[in-house]
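Here is the structure we will look at, set down as structure tokens.
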Amino acid sequence: MAEPSGNELASAAAKGDLVQLTNLLQKNVNVNAQNGFGRTALQVMKLGNPEIARRLLSRGANPNLKDSTGFAVIHDVARAGFLDTLQTLLEFKADVNIEDAEGNLPLHLAAQEGHAAVVEFLLRRTASRVGHQNKRGATACDLARLYKRTAVLRLLEGARPPPAPQP
Numbered sequence: 001m002a003e004p005s006g007n008e009l010a011s012a013a014a015k016g017d018l019v020q021l022t023n024l025l026q027k028n029v030n031v032n033a034q035n036g037f038g039r040t041a042l043q044v045m046k047l048g049n050p051e052i053a054r055r056l057l058s059r060g061a062n063p064n065l066k067d068s069t070g071f072a073v074i075h076d077v078a079r080a081g082f083l084d085t086l087q088t089l090l091e092f093k094a095d096v097n098i099e100d101a102e103g104n105l106p107l108h109l110a111a112q113e114g115h116a117a118v119v120e121f122l123l124r125r126t127a128s129r130v131g132h133q134n135k136r137g138a139t140a141c142d143l144a145r146l147y148k149r150t151a152v153l154r155l156l157e158g159a160r161p162p163p164a165p166q167p
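So for the sequence shown, UniProt numbering puts the first residue at 1; every next one is plus one.
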């Protein structure tokens, strides 16, 4: 029988098939192998399934690998608003301040999409850089304002450092 491939593992992860994924991992498939599209199982996993993430990460999946478009899985998870999966990634040392190709942090993407629970978690429980500007000079707060994400904007405005006192 042939060695299980990155394609098989990625397919199981994308479908959220925990049984097939576990069987493949028990065969010692390379957890960071890329599928035919150059993405790992962690990068294509069903984002709302933190148990899939946990199985892959506990077997050594690298949470900070970027795909060809410059996204790490934490960018996708933050943009989609899956707080439980985000927490799992951070438990396995995903970089909360990793930049995508446009210079956005996960915080930027969550703010842009209006995921208040994710933004609140990133602000209160991590060292996410609130004032970080992407390559266009926009902070997460700027994106929340631009996309009219009022609940997120309130959270971010409360997290900004106070202005320096005037002499």
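Beta carbons: idealized from backbone N, C-alpha and C, even for Gly.
Treat the numbers as computed from the prediction; the structure is a model and nothing was measured.
When DSSP states are grouped into helix, strand and coil, Leu107 belongs to the helix group. Arg55 sits in a helix when the DSSP states are folded into three classes. Apart from sequence neighbours up to five positions away, the residues of its chain that approach Gln34 with a beta-carbon distance below 7 Å are Gly6, Thr40, ordered along the chain. A direct Cα-Cα distance of roughly 7 Å separates Leu123 from Ala159. By alpha-carbon distance to Asn23, the top candidate from Cys141, Phe121, Glu8 is Glu8. Here Gly81 carries a coil assignment [DSSP, helix/strand/coil]. The criterion of a C-beta distance shorter than 9 Å is not satisfied by Gly60 and Val19. Of the residues Glu113, Thr150, Lys135, the one whose Cα lies closest to the Cα of Arg79 is Glu113. Apart from sequence neighbours up to five positions away, the residues of its chain that approach Gly81 with a beta-carbon distance below 6 Å are His115, Val118, ordered along the chain. One thing to note: Ala111 has its Cβ within 9 Å of the Cβ of Cys141.
Going by beta carbons, Pro50 and Gln26 fall outside the 9 Å limit. Thr69 and Ala101 do touch by the CB rule: their CB atoms are close to 6 Å apart, below 8 Å. Between the C-alpha atoms of Val130 and Arg154 there is a straight-line separation of about 13 Å.
Of the other Cβ atoms in all chains shown, 16 or more fall within 10 Å of the Cβ of Ser128; this residue is therefore buried.
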